[in-house]
Amino acid sequence: MLARLLAPLAIATIALTTAPQFASANSLFPGPAGVFAKVNLAKQQMDVVVNRGNGVKETYSWKVSTGRKGFETPPGKFRPDYLDEMHHSTKYENAPMPYSVFFNDGIAVHATTETKNLGRPASHGCVRLDKANAELFFKAVNEIGMMRTAIIVEK
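When you number the sequence shown by this note's numbering, it's gap-free, plus one each residue, and the end is 155.
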């Protein structure tokens, strides 16, 4: 009787230990990211790789504006937790935040009209992009999925 109960467990253990391992950004990501975004705070730049699954790999490098002094963008490894195509800030006077990809408790990658500030810290913590780039990033995350998106913010 006990052998019959333990047999499926033994088979599952063997299957898990012999299954192929996939590279991942960290334990938040069970497999390779379909959308991988790396924000470099020192360079004020965001590098993006989009793997759409059809063998096509798209790469982009964009100027960004991250958090200014007192409102620094937090470094870390994140997965998006919310998307909003036309969000308005509840903290900062209903400011428009088009193509928002939220991560880390209210911080988002989103479009800005203040493109003159791209390339230097100027936000309240968000990662701001030119509208066309934010739209492209938003659509890639929406199509490929938040569970397959990695956002890495590094100093």
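Yeah, the Cβ is synthetic: ideal placement off N, Cα and C, and Gly gets one too. The model shown is predicted, which means the values in this text are computed figures rather than measured ones.
DSSP three-state assignment for residue i, whether helix, strand or coil
i, result
"phenylalanine 137", "helix"
"asparagine 94", "coil"
"arginine 128", "strand"
"glutamate 143", "helix"
"asparagine 117", "helix"
"serine 100", "strand"
"alanine 122", "coil"
"lysine 69", "coil"
"aspartate 84", "strand"
"valine 109", "strand"
Expected contact under 8 Å - CB spacing of residue i and residue j to nearest Å
i, j, result
"aspartate 81", "phenylalanine 102", "6 Å"
"histidine 124", "glycine 67", "7 Å"
"proline 75", "lysine 155", "5 Å"
"phenylalanine 138", "glutamate 85", "7 Å"
"arginine 120", "glutamine 44", "6 Å"
Residues near residue i by beta carbon distance below 6 Å, same chain, minus five either side
i, result
"threonine 112", "Arg128"
"threonine 59", "Val49"
"alanine 3", "The predicted model places alanine 3 with a pLDDT of 47, which falls under 50 and marks its position as unreliable; any figure quoted below should be read in that light. Here the set comprises nothing."
"asparagine 51", "Gly34, Lys57"
"phenylalanine 71", "His124, Gly125"
"asparagine 133", "Trp62"
"isoleucine 152", "Lys38, Lys77"
"leucine 118", "Lys63, Ser65"
"isoleucine 144", "Gly34, Val35"
Sheet register partners of residue i (DSSP bridge)
i, result
"glycine 76", "Val153"
"lysine 63", "Gln45"
"lysine 38", "Asp47, Ile152"
Close-in-space but distant-in-sequence residues of the same chain around residue i (CB under 7 Å, 5 per side omitted)
i, result
"alanine 108", "Met97, Ser100, Val101, Phe102, Cys126"
Contact set for residue i: own chain, Cβ-Cβ below 8 Å, skip 5 residues either direction
i, result
"valine 141", "Val35, Pro80, Leu83, Val101, Thr149"
"histidine 88", "Asn94, Ala95, Pro96, Met97"
"tyrosine 92", "His124"
"glutamate 114", "Ser65, Ala122, Arg128"
"lysine 69", "Pro121"
"aspartate 135", "The amino acid occupying residue 135 in the given sequence is glutamate; aspartate does not appear at that position. Result list for glutamate 135: Pro98, Tyr99, Ala111, in chain order."
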